[in-house]
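Just so you know, the sequence shown maps onto residues 351 to 410 in the working numbering.
Beta carbons are placed, not taken as given, at the ideal position from N, Cα and C, and that holds for glycine.
Encoded as structure tokens, the structure appears first; notes follow it.
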Amino acid sequence: MRDLRASTSLTQQDFADRVGVTRQTIVALEKGAYTPSLALAIRIARLFGKSVEEIFRLEE
Numbered sequence: 351m352r353d354l355r356a357s358t359s360l361t362q363q364d365f366a367d368r369v370g371v372t373r374q375t376i377v378a379l380e381k382g383a384y385t386p387s388l389a390l391a392i393r394i395a396r397l398f399g400k401s402v403e404e405i406f407r408l409e410e
């Protein structure tokens with residue numbers, strides 16, 4: 351997700367503000383230390399114009 355965010359020139363704070371979370375949540379997401387809720391995953395996907403499946407992978 352970091353590469354996707356960087357390709358749009360969004361800072362972590364800008365990204366956080368646009369999807370309604372803290373910058374610390376974005377840091378955790380980018381490190382793979384946090385699994386977003388479905389609602390957050392959808393907001394992130396919409397921000398980037400992609401499907402949830404294109405951004406997140408289901409770990410089985």
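DSSP state of residue i mapped onto helix, strand, coil
i	result
Val371	coil
Ser357	helix
Ala378	helix
6 Å CB neighbourhood of residue i in its chain, flanking five on each side removed
i	result
Ile376	Gln362, Phe365 and Ala366
Arg355	Phe365
Arg373	Gln362, Gln363 and Ala366
Nonlocal neighbours in the same chain, by C-beta distance under 8 Å from residue i, ignoring five residues either side
i	result
Ala391	Val402, Ile405 and Phe406
Enclosing alpha helix (DSSP H) for residue i [first to last residue]
i	result
Phe406	No alpha helix (DSSP H) holds Phe406; DSSP gives it neither H nor E.
Ala395	Leu388 to Phe398
Ser401	From DSSP, Ser401 is part of no alpha helix (DSSP H); its letter is neither H nor E.
Beta-carbon gap between residue i and residue j smaller than 8 Å
i	j	result
Arg352	Gly370	no
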